[in-house]
Each structure stands twice: as C-alpha cells, then as structure tokens.
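Novice:
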Amino acid sequence: MPPIARARLASAASRAPRGLRLPALPAYCQKSLVQGWTKPRARGTSGRRSEERASLLRVRAKTADDVAPSTPDVFTEDLLRCCEPGASLRVAVLLSGGVDSSVALALLRAAGHQAKAYYLQIWFQEDFANTWAACPWEAELGEASAVCRQLGVPLEPLPLSKEYWSLVVDRCLKGVRRGHTPNPDVLCNSAIKFGAFAEALTSRGESVDRIATGHYARVERRRGLEALTAESDSRRTHETSLHLSADPVKDQTYFLAGLSPQQLALCSFPLGALDKPAVRSLAASLRLPNAARKDSQGLCFLGRVPYAEFLSRHLGSREGPIREWGSGRELGRHRGAWAFTRGQRKGLRLAGGPWYVVQTDVGRSNAVWVSNDYYGPAAAEGRREFACSRLAWLRAGPDSSLPLSCKVRHGPQVHECRLEQTGLGRGRVVLGGSDQGLSPGQYVVFYQGDECLGCGVIEE
C-alpha cells in the first residue's frame, strides 16, 4: 500500500458527523491519476463458464510483510466507531467493487478484525444476446480484486445467481405482472446478502461473527459485542437495533427494514457515522484503486440493460392506451402497463408535458392514466391513507407514547403518520400529508426518532 499523504482536513469534513476527523483529498487522487486498476482481460476465456472466469480473479491473503501498516492519524477513534473496535471479530465483508464497500473493508481491517471479502455473482449473463456488452460483473470483480490486493485481504467470488433469481427476481416479476411496484433491493438484503449468503457460509463450515456491507446505516448493540455474535440465540437479538446513518440522502435503512432480528444481529455497517463526501475523501487518501469510480445507478442485476427491455423479455408486450386523468383523452400508446408506476415521469414520450403517471390498470382496460397537474386535488385523491400487510418489526413494535413517522421510498423524505394494526401482520396507515407516488407493492418503513422499527407492504 502506498504511504498515505498527510494533509489538512478536506472540505468534506465540514459535512461529516460532529467530532469526526477526516483525511484530506490529495491532488494525486484525481481520476486521471488513480493507479492500481486496469480492466482485466483474460485471453481465451470468453467461452468459459462465469464461475471459471471468476476464479481467475480470486485473491489470496498477503503476509503481514506485504501490507503497509495503517496510519493512526487517518483511522481515528471517531472514524472507527461503527466498526466495533476493541475485539478481533471474524467478519465476512460483501464487496461490490464500489467505493462504499471498499472503504468499509479498509475500516474493518484498521479496527483489527479478521476480514475476508466475498463478491456475490448474481448476474444473468445468458439472459440477453448482448450479454458481455451489458454485464459489468467482470469489471466489478476486477476492481474488488485490486482493492483486496492492496489491503491484503483474501477475496472469494461466490455464485448465487440461482438463489437470486428464485428469491428476488422471480418474486419481483410476479409482483410487476399484478401491477405492483416491488423493491428488489429490500428483497436482496433479506433473502440474499443476509440470507442465502449466510446459509452458504454455514453449509461450508465457515463461522463468522459479522456480515459487513457498505450500507449507510447504523447498528446499536446495548450489551456489547460478546452477546451478539453469529452464535447468539434468538433471545438476545432484541438488544440490536437499526438506526439512521449520518447521511440523510444516502441513508439505506429503507432497504434494510425487511431483515429479521436474527439477521440484524449479524450486521456490521462501518459507514454509519460517515456521509458520502467523507467516504470519497477517505478512499482517495487511502489511494484505493476505485476511489474515483462513480456510484452505480438502477437495478443491480440489470447492469446497462434497460428495465423496460428486461420486463418485455420476461412478461411480453401488450399495447394499450395512455389516457389523461379526468378527461379520458388518449394521449399515446404503451407496450405494457406493468412497466409504469405511480409518480413516474420518464419513459412516457408524450408531448405537452411534463406528464406523471397517476394510475395503471394491468387488467381489462390495460390503460395508463397520466396528469400534468400532479399535485392537484384530482391526482392526489386517496394518497393519504392506505392498508398494509406483512408488518414485521426489527426489535419491537412502535411505542404508542412516541411520534411515529414513515418512508414510502428510499430517500430523505419522511412522513408523520399514524398506524392502526388491524390484524396479524396487517395495518392501516394515515399520513400527515399526501404522497402522489404510493403504489401497491411498495414498502412502507416505520421510524421513531432515528430508529428504524420495521416495515410493511402497501396494498391497494
């Protein structure tokens, strides 16, 4: 590892949590000067199975002599406060090749934990004719390998595409077919990252105390880490709670609300006390090979394949009208009502906009209803109250003596709300204000203060 430059605090530090000291962004860490990564090109491997190609990028652990020591004034106590410093835990780190998970790995290693990195292969290369042009997994794995070589951490690719298809993608396709708006990221965390992956480790006899990711979220443990390792029994998991991160825009508790209490007890989120600029600054100061990499956009399993193309391939096409809400006037045609969700603006291709999706009908009329008066009374009708099912709590249900709030999508917007539980796993939510983007199948995630309590699924 190259020596870390010692410089003044970066401007990003002003946006970091109180008391957090961050390294500066050295001039040599501009995108054009980032070294240590080139896209891997394994000649003669294009016809090999993906598992065989992935094995080419497996990284073995370096010896202590191969790795430069961490610089104490970079890894401050405040910087490591979400890493449980003070004990050597066995941590399985899920590495995506991106900056967030790479910095999380560096922090865990600096905290003294025994870390091993894993790259989960969930891509469906055989699903498209232009497979190798559309699927970026080899580049991602190459970047993850470069980071692990620099940090001296072993890396193992682990294929879970079959599990991902059956537990995430297939369930999402079934929901879309019914006109719902499912969230693959919520399902991926509960079913794959902290589900199938944890089961795979157990089946191979690999015992870990934590599974760590680069999520922006915080876990609080009230009785210390001794009682909350992977071998803890379910009676102790109530001591673990999920909380908002320091970055309100990047916060990802919405995607983690579907975990079980047992899964949450396994979690480690080293970035919980940092915002995105602080993570970028730290990656640059550490000269991580992927420090200048842009954040990924869209659904993780599609790569650069358009979402509409993916749905059309698996659900087919069914042409229908796009109608103006209120007048019923036909404004255009679509190729599948299931490809649209309430609140959507992009992809309508209509003149005289902007137009927003108000309602869809995947049944007999096969119509998509739109309005350019999105916040008007007609478009906002019925957007303050909804039923929800599959209510599940991470630690305990809401405290009736405290105010309750919720999110209906990922992002900083939070609604004050009331929840009336109407049956086992069922309830009715009344928002403090209207929301024009409510769709069946979306998750509603509940909060009290900065604690994420759990979630439910919005119904009709």
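Going left to right, the sequence shown walks through residues 56 to 515 as the numbering used here numbers them.
We put the CB at the ideal spot given by N, CA and C, even for glycine.
1) Go ahead and pull the three-state DSSP assignment for histidine 298.
2) What's the gap between the Cα of serine 151 and the Cα of serine 300?
3) Report all residues from its chain with a CB closer than 6 Å to the CB of glutamate 385; omit the five preceding and five following residues, and keep chain order.
4) Please confirm if the stretch 454 to 466 is in contact with the stretch 192 to 211, defined as three or more CB-CB distances below 8 Å between the two stretches.
5) When you compare only the Cα positions, how much space is there between leucine 88 and lysine 349?
6) What distance in whole Å lies between the Cβ atoms of valine 417 and glycine 234, which are believed to be in contact at a cut-off of 8 Å?
7) If you follow the alpha helix (DSSP H) that glycine 197 is in, where does it begin and where does it stop?
8) What are the boundary residues of the beta strand (DSSP E) that includes glutamine 503?
9) Got a sec, what are the start and stop residues for the beta strand (DSSP E) glutamate 506 sits in?
10) At the level of alpha carbons, what is the spacing between glutamate 475 and serine 143?
11) Taking Cβ positions, are glycine 391 and arginine 373 nearer each other than 8 Å?
12) Taking DSSP's pairing of strands, which residues face alanine 172 in a bridge?
13) Check the DSSP bridge columns for serine 426 and list the partner residues they point to.
14) When the Cα of valine 208 is compared with those of Ser216, His298, Lys171, Glu193, which residue comes out closest?
15) So, does the CB of alanine 347 fall closer than 8 Å to a CB anywhere in chain C?
16) Suppose the cutoff is 7 Å on Cβ atoms and the five residues either side in sequence are ignored; what does the same chain contact list for leucine 493 look like?
17) Rounded to the nearest angstrom, what separates leucine 337 and valine 158 at their Cα positions?
18) Does DSSP put proline 495 in a helix, a strand or coil?
19) Name the two residues that bound the continuous alpha helix (DSSP H) containing leucine 386.
20) Which residues mark the beginning and the end of the alpha helix (DSSP H) in which serine 258 is found?
21) Measure how close the beta-carbons of serine 245 and glycine 327 come, nearest whole angstrom, since I'm counting them as under 8 Å.
22) I need the DSSP call for proline 303, collapsed to helix, strand or coil.
23) With DSSP run on the structure shown, which of helix, strand or coil describes valine 274?
24) What residue does the alpha helix (DSSP H) around lysine 217 start on, and which one ends it?
25) Mark arginine 277 as exposed unless 16 or more other C-beta atoms lie within 10 angstroms of its C-beta, in which case mark it buried.
26) Based on Cα-Cα distance, which residue from Leu162, Ser455, Ala255 lies nearest to leucine 329?
27) Could you check where the alpha helix (DSSP H) with serine 336 kicks off and where it finishes?
28) Using alpha carbons as the reference points, say which of Val146, His470, Leu449 lies closest to histidine 298.
29) Is it right to say glutamate 193 is buried, meaning 16 or more other beta carbons lie within 10 angstroms of its own, or is it exposed?
30) With respect to the beta strand (DSSP E) encompassing glutamine 476, which residues constitute its N-terminal and C-terminal limits?
31) Report whether the distance from the Cβ of glutamate 475 to the nearest heavy atom of the ligand PLP is below 7 Å.
32) First and last residue of the alpha helix (DSSP H) that includes arginine 368?
33) Which residue marks the beginning of the alpha helix (DSSP H) containing cysteine 243, and which one marks its end?
34) Distance, Cα to Cα, proline 127 vs alanine 165?
35) I'd like the span of the alpha helix (DSSP H) that includes proline 325, first residue to last.
Specialist: Taking the coordinates as given:
1) Strand at histidine 298.
2) 20 Å
3) Pro376, Arg378
4) Not touching, per the Cβ criterion.
5) At leucine 88, the pLDDT of 24 sits below 50, so the modelled position is not reliable and the matter cannot be decided from this model.
6) Indeed they touch by this definition, with Cβ atoms about 4 Å apart.
7) That run of the alpha helix (DSSP H) goes 192 to 206.
8) 498 to 503
9) 506 to 513
10) 44 Å
11) yes
12) Val148, Leu210
13) Tyr411
14) Lys171
15) The structure shown contains no chain C; it is built from a single protein chain.
16) The residues are Arg397, Arg438, Phe441, Val463, Ile513.
17) When rounded, the distance between both Cα atoms is 7 Å.
18) coil
19) Taken as a continuous stretch (DSSP letters only), leucine 386 belongs to no alpha helix (DSSP H), being part of the beta strand (DSSP E) at 385 to 389.
20) 252 to 258
21) In this structure serine 245 does not touch glycine 327 by the C-beta definition: roughly 19 Å separates them, more than the 8 Å allowed.
22) coil
23) strand
24) Segment 216 to 219, the alpha helix (DSSP H) holding lysine 217.
25) exposed
26) Leu162
27) 331 to 340
28) Leu449
29) buried
30) 470 to 478
31) For the structure depicted, the ligand PLP is absent and the ligand set is empty, with no information on it obtainable.
32) 362 to 370
33) From DSSP, the alpha helix (DSSP H) with cysteine 243 extends over 239 to 243.
34) Only weak support is given to the placement of proline 127: the predicted model assigns it a pLDDT of 45, under 50, and the question is left unresolved by the model.
35) From DSSP, proline 325 is part of no alpha helix (DSSP H); its letter is neither H nor E.
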